[in-house]
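So for the sequence shown, UniProt numbering puts the first residue at 1; every next one is plus one. Written below as structure tokens is the structure these notes are about.
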Amino acid sequence: MRTYEAISRVLKFPKSTITDTIVRYKNFNTGLTAKRTGRLCSMDNNDHYKLLKIIKKSNKLSLDEIKQKFHSSQDKKVSTKTIRKNLHQMQIYSRVAAPKPLLTESQLKHGGGGVMVWGCFSGKGLGPLKKIKVLPDWPSQSSDLNPIENLWHELERRLRK
Numbered sequence: 001m002r003t004y005e006a007i008s009r010v011l012k013f014p015k016s017t018i019t020d021t022i023v024r025y026k027n028f029n030t031g032l033t034a035k036r037t038g039r040l041c042s043m044d045n046n047d048h049y050k051l052l053k054i055i056k057k058s059n060k061l062s063l064d065e066i067k068q069k070f071h072s073s074q075d076k077k078v079s080t081k082t083i084r085k086n087l088h089q090m091q092i093y094s095r096v097a098a099p100k101p102l103l104t105e106s107q108l109k110h111g112g113g114g115v116m117v118w119g120c121f122s123g124k125g126l127g128p129l130k131k132i133k134v135l136p137d138w139p140s141q142s143s144d145l146n147p148i149e150n151l152w153h154e155l156e157r158r159l160r161k
């Protein structure tokens, strides 16, 4: 068997580390260090699962909104800092969406279709506005096509009286 100093030179670890590891192995049959004591984590794996579930439903929530949904789903109350820390441990980071123009120049140049609607109005008020798919066959000079002209004509006729 080699000496602690020889093992230390070969592995390039301090002699005290080699000694402690061998003693630990003789006493506990393992070279691993014992679990450290300290404050317990406020969130466990089930809580991480609940956080993931909240984020998968809506990934555009703010940290405060995530916290409110998390608190409403259970009795455990944690701070936004704790939630952020746990999200970072799960490698989930906040992102800001890139700004995108609503319409590009090429879309504006070419225009973009239209919507056909049918509606009516009378002295009693407006009728319902309905979206239609096809334009009915009406003559181009029909009085129905430009009702405002008809109203102006009627107004002028009554004013002349």
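By construction, the Cβ of each residue, glycine as well, lies at the ideal position given by its N, Cα and C atoms. Just so we're clear, the structure is a prediction, and the values are computed from it rather than from any experiment.
Quick one, which of the options has its alpha-carbon nearest residue i's?
i	options	result
L61	I83, V117, S42	I83
L151	N86, V134, F121	F121
G31	A6, T37, L40, T17	T17
D64	H48, E156, K50, K81	K81
K133	G125, M116, I148	M116
K131	G123, K124, G114, H88	G114
H48	Q89, Y25, R36, T21	Q89
What are the boundary residues of the alpha helix (DSSP H) that includes residue i?
i	result
I54	45-57
I7	4-11
V23	15-28
I83	80-89
K69	63-73
If you drop the 5 nearest sequence neighbours on each side, which residues of the same chain put their C-beta closer than 6 Å to that of residue i?
i	result
V78	S42
N86	M43
K69	I54
With residue i and residue j assumed to form a contact (beta carbons below 8 Å), what rounded beta-carbon distance in angstroms separates them?
i	j	result
L129	G119	4 Å
Apart from the five residues on each side of it in sequence, which residues of its chain come closer than 7 Å, Cβ to Cβ, to residue i?
i	result
D4	Correcting the residue identity first, residue 4 is Tyr in this sequence and not Asp. Only K15, I18, T19 meet the Cβ criterion.
I7	I18
Going by DSSP, what residue range makes up the beta strand (DSSP E) through residue i?
i	result
K76	From DSSP, K76 is part of no beta strand (DSSP E); its letter is neither H nor E.
Given 8 Å, three or more beta-carbon pairs between the stretch 41-61 and the stretch 73-92: Yes: at least three Cβ pairs fall under 8 Å.
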